[in-house]
Amino acid sequence: MKSLPQRIFQLIYLSTSLILLHNTAIAKSLPDPFFTFFEKSRYLRLNLSSLRKGDSQVKQLRNFIIQKQADPTYSNQDLFTVAYLFAIEENFQSAFHYAKQIEPGSTLSAMAHCFILYFWTQSDEPLHESQSAISAYKNVLLTQIYRLPSDMNQELVSTLDHLTLLELSKTEPADITPYFVMQAMETFHAAKVSTKAKGQLLLDLHTRLQNQPENVKRLFYHELQQNFSTIQEIKKIIPASMQTEKDPEMQVQQEEQAQAILEQAQVSLKNKDKQQALAHWQELFHYYPHTQSHKKALQNIRTFLRNEFANQTDVNPILESLKKLPPEILYSEGRYLWNAQKNETALALFEAFVQSYSYHTKAPNVHYIIASIYESWNQFDQALLYYKK
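Per the working numbering, residue 2 is the first one in the sequence shown, and the count goes up by one each step.
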């Protein structure tokens, strides 16, 4: 198990060990194997940074706290310590059991959940969890963020990034498109997670591509070659043919196919068949991301949508199609509508964004905008939910 930076253990030490005593308790305190008392404060004798899974002191300290007579003065700190010690030993069910008993809404409660999930991501437990379960854990952490001390920002980012990569590695094969591959690789590259962990999760994602179309697999291997070929485990799965330059003939073929789809979209627009035009653009976005036609399609669809919005056209008939657009379109056009005070349509696009692209770097901005929209409608419970995220 990887240890946290020393400064964080100092934070734990100060947060959990420095506890005010009742004025009358000092003179009456008996010898204590794990705590020492000095000037109305209680200190933990052990340095938590020295504890590892399997250390006898982990079990001894945990059992001592659980079995000793409860004192309300120390209850939250003791619950935190026990939860933390269970997490060290990867007994996460018990760790969460004690963490949930800490005063709700307190800093210690938020810290407990953050540390438990930090250790959880370092263990083998996530390998056996579903994508929905991992998303649920991530949501737990997202609701605790604003209560955490700023000193924990680095560990918080690492844990959130790790949970995001876990989500991506468990994506259903049916949802894996070339566009997904591009976004996922960008997220893997930027994540503040160890190279070893990235390698393992990329291997997990690789197993879900076995029955994918050839263009999806080629793009995946290309992205691995470009960004992760220094990881030995990853280098082994990249086909030898992909470790050389791109096939020019394949590139020409891709460009021609993309250009044909782009032209079909323009024909559909001339025929005033908006749904069909959107369908063609979606196909181009998802299956031909590295082509020139992809860039042109982004420009075309923005022009189309701005005209629709400027003419105050009812977009409800095409709203479901709009929700399937790439995240940069959902974000830019959602902001355009939001700035124009067209909040209902903007909200639909933003909620589609967070449902499909929660791992995207713009997701925090989108959560904030959604919260502000709900706040403007006096729907404060919904606003608070998104502000927490």
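We put the beta carbon where it would ideally sit given N, CA and C, even for glycine.
In this text the structure is predicted, and so the values were computed from the model without any measurement.
Shown here for Ala372: same chain residues with a beta carbon closer than 6 Å to its own, the five before and five after excluded, namely Ala384, Tyr387 and Tyr388 in chain order. Of Ile330, Leu299, Ser294 and Ala341, the smallest CA-CA separation from Asn312 is found for Ala341.
Ranking His368, Ala88 and Gly335 by CA distance to the CA of Arg53 puts Ala88 first.
Secondary structure note for Tyr44: its beta strand (DSSP E) is the uninterrupted segment Ser42 to Leu45. With contacts defined as CB atoms closer than 7 Å, Tyr180 and Phe286 qualify as a contacting pair. Comparing alpha carbon positions, the residue from Tyr85, Ser76, Leu263 and Asn140 closest to Pro365 is Asn140.
In this structure, the beta-carbon distance from His291 to Ile262 does not fall below 7 Å.
Per the DSSP secondary-structure output, Phe97 pairs with nothing in a beta bridge. Ile146 is positioned such that its CB atom lies no closer than 7 Å to that of Glu168. With the rule of 3 Cβ pairs closer than 8 Å, the stretch 150-170 does not count as touching the stretch 303-310.
Taking 7 Å as the cut-off, the beta carbon of Val182 is found closer than this to the beta carbon of Leu220. Contact holds between the stretch 108-125 and the stretch 79-96, because three or more Cβ pairs, one in each stretch, are under 8 Å apart. Gln102 is positioned such that its CB atom lies closer than 7 Å to that of Leu80. Within the stretch 209-243, the runs of alpha helix (DSSP H) at least 4 residues long that lie entirely inside it are, in chain order, 215-228 and 233-238. Counting along the chain, Trp378 sits inside no alpha helix (DSSP H), nor does DSSP assign it H or E at all. Between the alpha carbons of Phe351 and Val367 lies a gap of roughly 6 Å. Secondary structure note for Glu126: it is in no alpha helix (DSSP H), with a DSSP letter that is neither H nor E. Between the C-alpha atoms of Ser294 and Ala100 there is a straight-line separation of about 52 Å.
Here the stretch 186-203 lies against the stretch 225-234, with 3 or more beta-carbon pairs under 8 Å apart. In terms of CA proximity to Glu224, Thr188 leads the group Asn77, Thr188, Asn212 and Gln255. The C-beta separation of Ile330 from Lys275 comes to about 15 Å, leaving the pair out of contact by the 8 Å criterion. Where Ile330 is concerned, the enclosing alpha helix (DSSP H) starts and stops at Pro328 to Asn340. Per DSSP, reduced to three states, the secondary structure at Thr178 is coil, with no helix or strand assignment.
As the crow flies, the alpha-carbon of Lys218 is around 10 Å from that of Pro240. In the DSSP secondary-structure assignment, Thr37 is bridged to Tyr44. Listed in chain order, the non-local C-beta contacts of Leu206 below 6 Å within the same chain comprise Ser170, local neighbours out to five positions each way being set aside. Going by beta carbons, Leu203 and Ile235 fall inside the 7 Å limit.
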